Amino acid sequence: MNEISADFTVEMEHAASEPLPESSLMEVFSAELWRLKRIIAGMGLGSSDGEDVLQDVSIRAFKQCRGGSRIALPSREDQVRWLIKVTVNRCLMEHRRRRTFRRHAGEILKRRLETKTASKSAVENVIVAEELEIVRESLQKLDDSLLSPMVLRYFCNLNSKEVGEILALSPSTVRSRLREARIILAKQLLERGVEP
Amino acid sequence: MEKFCREIEQMLVDYADGQLSPGDSSKVAGHLAQCEHCRMLLNGLQKTLELAGVIWADGLAETESIRIPATKTRTIRWPRYAAIAASILLVATTSIVWHTLVKPKGSELTFAEIERKITESGSAARLLAAAEMLGDNPEAETIVKQQYRHIVETYPETAAAAKAKLRIK
Chain A
6 MNEISADFTV EMEHAASEPL PESSLMEVFS AELWRLKRII AGMGLGSSDG EDVLQDVSIR
66 AFKQCRGGSR IALPSREDQV RWLIKVTVNR CLMEHRRRRT FRRHAGEILK RRLETKTASK
126 SAVENVIVAE ELEIVRESLQ KLDDSLLSPM VLRYFCNLNS KEVGEILALS PSTVRSRLRE
186 ARIILAKQLL ERGVEP
Chain B
380 MEKFCREIEQ MLVDYADGQL SPGDSSKVAG HLAQCEHCRM LLNGLQKTLE LAGVIWADGL
440 AETESIRIPA TKTRTIRWPR YAAIAASILL VATTSIVWHT LVKPKGSELT FAEIERKITE
500 SGSAARLLAA AEMLGDNPEA ETIVKQQYRH IVETYPETAA AAKAKLRIK
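Going down the list, the protein sequences come from chains A and B.
Quick note: the first sequence uses my numbering, first residue 6, plus one each step.
Quick note: the second sequence uses my numbering, first residue 380, plus one each step.
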């Protein structure tokens, strides 16, 4: 388990023992904004779509606070899970509509080179750009049922049990979807002649 | 692809994630030492995850520009209510002390009475501050009125009760 995942688990355990009133949901939303942004980025949405998603999630959270929903969220753990679930669902709606990971490999690489010291040669950069493009396309084509577990597990650092609770799947189903998704991505990279 | 490779392929992601039992893990490691195809696939699994991480991180950099939605959240201005309570308490205390000083000698207040009045003023002031805080919420109108009546009935001689009377009107 990595550091972020460990932090999340500790946070969840602490939260589970401390029930909070529903009025704190907006505070949890603000505190968890970083995680929701990770989901948005992982699902391939750009800033304007991401802003729409966050706006919708915040409105739903606000309605939930005002008792506009019958869903009970007694603890912080429930509130975090609810926020992630709503964000994932909202991203999937947007993702189905747009199906795009906006930036192309060249742009990603350019940005990386701007922010990091360029240590690779021009040829190596071309190779990396090509590999990034293949994975970007593969992620774009990946089925939603496989993409969301991938993002939550590997980008949001949740474990299979936590991912399962959010997506209403058993941990074994989450693991099998992760296996399927990763094998698809790896095979597509190999089929395109990339030697890892 | 050999049948055994297919079996290993099913375990390869869990192997890469360190999720396999020690027995299965050594079985996979043993196979990887002999099979180039499965080694390539394992490297491919690691490489794609690394590249997906780069793509996601790039998207995350883009989301940094997202401004936090301006949802209307009601922030409780505790300093304001604390100031109200403190001012009511100050007025009440001053009033009690003044009454004590100017009262004719035959009916002098005892120290216990002064203490009781101060305590009552404090309690009434706290209740009034709480009611004022709830007063911001239109849905809590009934409760707030009940609270004002309670202050008037329970602590009739306090400054908070006088304010509560005004609020009821």
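Just so it is clear, CB atoms sit at the ideal spot from N, CA and C, and this is done for glycine as well.
Keep in mind the model is a prediction, meaning the values are calculated, not measured.
Short Cβ contact (8 angstroms threshold) for residue i with residue j
i              : j              : result
A540 (chain B) : V531 (chain B) : yes
L30 (chain A)  : Q60 (chain A)  : no
I89 (chain A)  : I171 (chain A) : yes
T537 (chain B) : A503 (chain B) : yes
V62 (chain A)  : R95 (chain A)  : yes
A464 (chain B) : R505 (chain B) : yes
V133 (chain A) : A431 (chain B) : no
L183 (chain A) : V523 (chain B) : no
Q145 (chain A) : G49 (chain A)  : yes
V131 (chain A) : Q84 (chain A)  : no
V91 (chain A)  : I44 (chain A)  : no
L439 (chain B) : A191 (chain A) : no
E99 (chain A)  : V58 (chain A)  : yes
For residue j and residue i, the rounded distance between their alpha carbons
i              : j              : result
R187 (chain A) : S153 (chain A) : 12 angstroms
F67 (chain A)  : I497 (chain B) : 41 angstroms
D149 (chain A) : V433 (chain B) : 20 angstroms
L195 (chain A) : L174 (chain A) : 30 angstroms
T450 (chain B) : I64 (chain A)  : In this prediction, T450 (chain B) scores a pLDDT of 49, lower than 50, which makes its location untrustworthy; the coordinate-derived value is nonetheless stated afterwards. Cα-Cα distance, rounded: 7 angstroms.
I445 (chain B) : Y534 (chain B) : 52 angstroms
R546 (chain B) : Q526 (chain B) : 11 angstroms
R40 (chain A)  : E129 (chain A) : 32 angstroms
L411 (chain B) : C384 (chain B) : 9 angstroms
S165 (chain A) : R197 (chain A) : 30 angstroms
R528 (chain B) : A508 (chain B) : 14 angstroms
L137 (chain A) : S35 (chain A)  : 32 angstroms
V407 (chain B) : K426 (chain B) : 19 angstroms
M419 (chain B) : E443 (chain B) : 36 angstroms
A436 (chain B) : A46 (chain A)  : 7 angstroms
G402 (chain B) : C414 (chain B) : 19 angstroms
E388 (chain B) : P176 (chain A) : 19 angstroms
A491 (chain B) : K544 (chain B) : 27 angstroms
I9 (chain A)   : E135 (chain A) : Low confidence applies to I9 (chain A): its pLDDT is 41, below 50, so where it sits in the model is not reliable, and the reading given next is rough at best. Distance between the alpha carbons of I9 (chain A) and E135 (chain A): 30 angstroms.
S52 (chain A)  : E441 (chain B) : 6 angstroms
P79 (chain A)  : L163 (chain A) : 21 angstroms
L38 (chain A)  : T521 (chain B) : 36 angstroms
A20 (chain A)  : N422 (chain B) : Summary for A20 (chain A): the model assigns pLDDT 42, below 50, so the residue's position carries little reliability; its value from the coordinates is reported in the next sentence. Each residue's Cα considered, the two are about 38 angstroms apart.
Backbone secondary structure at residue i - three-state DSSP
i              : result
S126 (chain A) : coil
S400 (chain B) : coil
S80 (chain A)  : strand
K548 (chain B) : coil
M48 (chain A)  : coil
S175 (chain A) : coil
L163 (chain A) : coil
Cβ-Cβ separation, residue j to residue i (assumed contact under 8 angstroms), whole Å
i              : j              : result
G501 (chain B) : L468 (chain B) : 6 angstroms
Task: Start-end ranges of the alpha helix (DSSP H) lying completely within the region 501-538 of chain B, minimum 4 residues - done: 520-533
TODO: With a floor of 3 residues, list each beta strand (DSSP E) that falls wholly inside the region 410-470 of chain B, ordered by position along the chain.
DONE: none
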